[in-house]
Amino acid sequence: MKTDQLVAALVADRRQSAGPPGRSIVYAIAAGSMVSLVIFALAFGPRVDLAAAFATWRFDLKLVLVFTALLVALAGSAALARPLTPEPLLSRAWPLILLAVAAVTIELVLQPRDAWLTRLVGSNALVCLTAIPLFSLAPLAGLMVALRRAAPASPTRAGAVAGALAAAVAASIYAFHCFDDSPLFVLTWYSLATLPVVALGALIGSRLLRW
Amino acid sequence: MFSPGDLSTLMRAARRGDDEAYRRLLTEVATWLRGIARRGLATAGRGSDDSEDIVQETLLAMHLKRDTWDETQPIEPWLRAIAHHKLVDHLRRRGFARHLDIEDFADTLAAPVDADTDGAADARHLLSGLPERQRRIVESISMEGQSARDVGVRLGMSEGAVRVALHRALKALADAYRRDRR
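Protein sequences, first through last, are from chains A and B.
First residue of the first sequence? That's 49 in the working numbering, and the numbers climb one at a time after it.
First residue of the second sequence? That's 12 in the working numbering, and the numbers climb one at a time after it.
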């Protein structure tokens with residue numbers, strides 16, 4: 049086939065644009081989180097003292113932390129969906145890092161030294177380590193479908209950040225069930241629960257997101 | 012050869028449904044890609060036989076991934092990134108793993124197509140692997156220059172169905188390029 053013949057075929061293909069990758073990514077996590085919300089409603093449910101929890105600063109700070117993580121991962125994922133190598137991801141993550149350092153500092157100042165470990169260990173660690181990966185699966189699947197249409201410069205990195213984004217979506221849902229609000233608990237266990245999802249995303253990405 | 016602004020303008024017009032702008036864009040980009048492909052192949056110590064395959068594979072990728080260009084940015088870095096990705100991928104499939112930077116080819120002159128080239132060898136071979144109907148649609152539109160409507164009349168399909176099949180065929184062709192390891 050000659051190149052101008054291929055050009056004729058490309059011009060004739062007038063598929064409607066799906067919009068920029070960022071938009072597809074938002075749709076994908078919206079669809080995926082519906083599935084996770086159903087699992088949440090059937091098997092977990094919100095914590096019984098949810099209304100009272102909103103009045104405590106630790107619960108509110110937990111929500112701010114997970115939603116900040118969600119926004120940072122969303123921006124990172126949209127940047128990595130393009131063929132151009134983006135600026136280092138750390139430069140996008142600094143709001144989250146600052147917030148995390150501030151939250152831990154406040155908690156360490158407010159809590160007596162012998163309460164630190166209790167706060168860190170919490171009461172729900174195992175549930176946290178199960179629920180976050182579980183709630184991540186549907187958003188991750190949606191993200192992979194959306195990113196297949198994109199053109200990531202590095203499929204593995206795009207997959208890993210998609211995993212982090214899916215875990216941030218999951219954490220945002222799980223936060224409403226979890227009784228442990230201490231930043232020490234949240235930053236430790238939520239982060240640990242994210243790691244397998246990041247690894248899974250990188251693994252799937254390296255295979256599925258090649259183009 | 013062309014100024015970057017022109018290409019961005021052409022792509023914006025193409026996105027709004029201007030087919031003639033899209034044809035001009037693809038033709039100009041193909042000429043530029045041909046120069047890149049030949050330099051890349053020469054750097055890798057290979058003859059230029061594959062250059063038309065690289066051009067076509069890259070054009071396909073550009074076409075299928077055009078949503079990933081951000082209209083507010085100039086299009087050239089995006090084009091270079093796709094060309095680099097495809098050139099490296101092509102050479103890697105053929106066992107060349109050394110680092111290659113197409114920024115080094117920035118001064119590359121665009122290469123017109125040789126009058127005697129018979130087009131891409133791979134494309135013909137890969138096209139024959141498509142389902143019968145998809146292959147006929149691609150051939151009618153590309154080689155025989157028919158419109159989607161004419162092809163529809165001939166095959167007893169609606170114009171929309173022809174376009175859907177054409178899009179699937181182009182995606183399948185891009186996938187086939189990626190899997191092709193000779």
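Heads up, the beta-carbon is just placed ideally off N, CA and C, and yes, glycines get one too.
Taking C-beta to C-beta, are residue i and residue j nearer than 7 Å?
{"i": "S125 of chain A", "j": "V209 of chain A", "result": "yes"}
{"i": "L6 of chain B", "j": "A132 of chain B", "result": "Here chain B has residues from 12 to 193 only, and residue 6 of chain B is not among them."}
{"i": "V66 of chain B", "j": "R45 of chain B", "result": "yes"}
{"i": "A214 of chain A", "j": "L188 of chain A", "result": "yes"}
{"i": "T236 of chain A", "j": "L168 of chain A", "result": "yes"}
{"i": "L21 of chain B", "j": "L37 of chain B", "result": "no"}
{"i": "V59 of chain A", "j": "R179 of chain B", "result": "no"}
{"i": "G253 of chain A", "j": "P181 of chain A", "result": "no"}
{"i": "A76 of chain A", "j": "A186 of chain A", "result": "no"}
{"i": "P35 of chain A", "j": "T104 of chain A", "result": "Residue coverage of chain A in this structure runs from 49 to 259, which leaves residue 35 of chain A outside it and unanswerable."}
{"i": "A121 of chain A", "j": "A250 of chain A", "result": "no"}
{"i": "S59 of chain B", "j": "L70 of chain B", "result": "no"}
{"i": "A123 of chain A", "j": "R140 of chain A", "result": "yes"}
{"i": "A134 of chain B", "j": "M49 of chain A", "result": "yes"}
{"i": "M192 of chain A", "j": "L118 of chain A", "result": "no"}
{"i": "S84 of chain A", "j": "F183 of chain A", "result": "yes"}
{"i": "Y188 of chain B", "j": "E68 of chain B", "result": "yes"}
Sorted by chain position, which residues of the same chain lie with C-beta nearer than 6 Å to residue i's C-beta, five sequence neighbours on each side aside?
{"i": "A159 of chain B", "result": "E170, V173 and R174"}
{"i": "Q145 of chain B", "result": "A176 and A180"}
{"i": "P231 of chain A", "result": "A151, V152 and E155"}
{"i": "G80 of chain A", "result": "A186, P187 and G190"}
{"i": "G70 of chain A", "result": "A126"}
{"i": "I73 of chain A", "result": "S125, A126 and A194"}
{"i": "Y238 of chain A", "result": "A219"}
Taking all protein chains shown into account, decide if residue i is buried (16 or more other Cβ within 10 angstroms of its Cβ) or exposed.
{"i": "Q53 of chain A", "result": "buried"}
{"i": "Q64 of chain A", "result": "exposed"}
{"i": "P134 of chain A", "result": "buried"}
{"i": "R77 of chain B", "result": "buried"}
{"i": "R205 of chain A", "result": "buried"}
{"i": "G190 of chain A", "result": "buried"}
{"i": "G140 of chain B", "result": "exposed"}
{"i": "V93 of chain B", "result": "In the sequence on display, residue 93 of chain B carries Ile and not Val. Flag for I93 of chain B reads buried."}
{"i": "V112 of chain A", "result": "exposed"}
{"i": "S171 of chain A", "result": "exposed"}
{"i": "G67 of chain A", "result": "exposed"}
{"i": "A241 of chain A", "result": "buried"}
{"i": "P142 of chain B", "result": "exposed"}
{"i": "L102 of chain A", "result": "Sequence inspection shows Phe at residue 102 of chain A; the Leu mentioned does not correspond to that position. Label assigned to F102 of chain A: exposed."}
{"i": "L248 of chain A", "result": "buried"}
{"i": "M73 of chain B", "result": "buried"}
Near residue i, which residues of its chain fall below 7 Å by C-beta distance, leaving aside the five closest residues on each side in sequence?
{"i": "F13 of chain B", "result": "Confidence at F13 of chain B is low in this model, with a pLDDT of 49, below 50, so the placement of that residue is unreliable and no value is reported for it."}
{"i": "K110 of chain A", "result": "A223, D229 and V234"}
{"i": "L75 of chain B", "result": "L181, K182 and A185"}
{"i": "A24 of chain B", "result": "A32"}
{"i": "Y157 of chain B", "result": "The amino acid at residue 157 of chain B is misidentified as Tyr; the sequence shows Gln. So the qualifying residues of the chain are S151."}
{"i": "H4 of chain B", "result": "Summary: the structure shown does not reach residue 4 of chain B, with chain B confined to residues 12 through 193, and so no result is reported for it."}
{"i": "F107 of chain B", "result": "A55"}
For the alpha helix (DSSP H) containing residue i, name the first residue and the last one.
{"i": "V245 of chain A", "result": "S239 to L256"}
{"i": "V66 of chain B", "result": "S62 to L75"}
{"i": "T38 of chain B", "result": "D30 to T54"}
{"i": "V86 of chain A", "result": "P69 to I87"}
{"i": "C176 of chain A", "result": "A173 to R196"}
{"i": "V209 of chain A", "result": "P203 to Y222"}
{"i": "D161 of chain B", "result": "A159 to L166"}
{"i": "V169 of chain A", "result": "W164 to V169"}
{"i": "L158 of chain A", "result": "L138 to L158"}
{"i": "G171 of chain B", "result": "E170 to R190"}
{"i": "L235 of chain A", "result": "Unbroken run through L235 of chain A: none, as it is neither H nor E."}
{"i": "T51 of chain A", "result": "T51 to A60"}
{"i": "V96 of chain A", "result": "Run containing V96 of chain A: none; DSSP gives neither H nor E here."}
{"i": "H95 of chain B", "result": "I86 to R104"}
Assuming residue i and residue j form a contact by the criterion Cβ under 8 Å, report the distance between their Cβ atoms to the nearest whole angstrom.
{"i": "A201 of chain A", "j": "P136 of chain A", "result": "Going by Cβ atoms, the distance from A201 of chain A to P136 of chain A rounds to 13 Å, so no, they are not a contact pair."}
{"i": "L111 of chain B", "j": "A48 of chain B", "result": "Rounded, the Cβ-Cβ distance is 12 Å, inconsistent with contact."}
{"i": "T79 of chain B", "j": "A198 of chain A", "result": "6 Å"}
{"i": "A57 of chain A", "j": "V162 of chain B", "result": "The pair is not a contact, with the Cβ atoms about 11 Å apart (cut-off 8 Å)."}
{"i": "F92 of chain A", "j": "H225 of chain A", "result": "5 Å"}
{"i": "L137 of chain B", "j": "D61 of chain B", "result": "Actually they do not touch by this definition, with Cβ atoms about 13 Å apart."}
{"i": "R91 of chain B", "j": "I113 of chain B", "result": "6 Å"}
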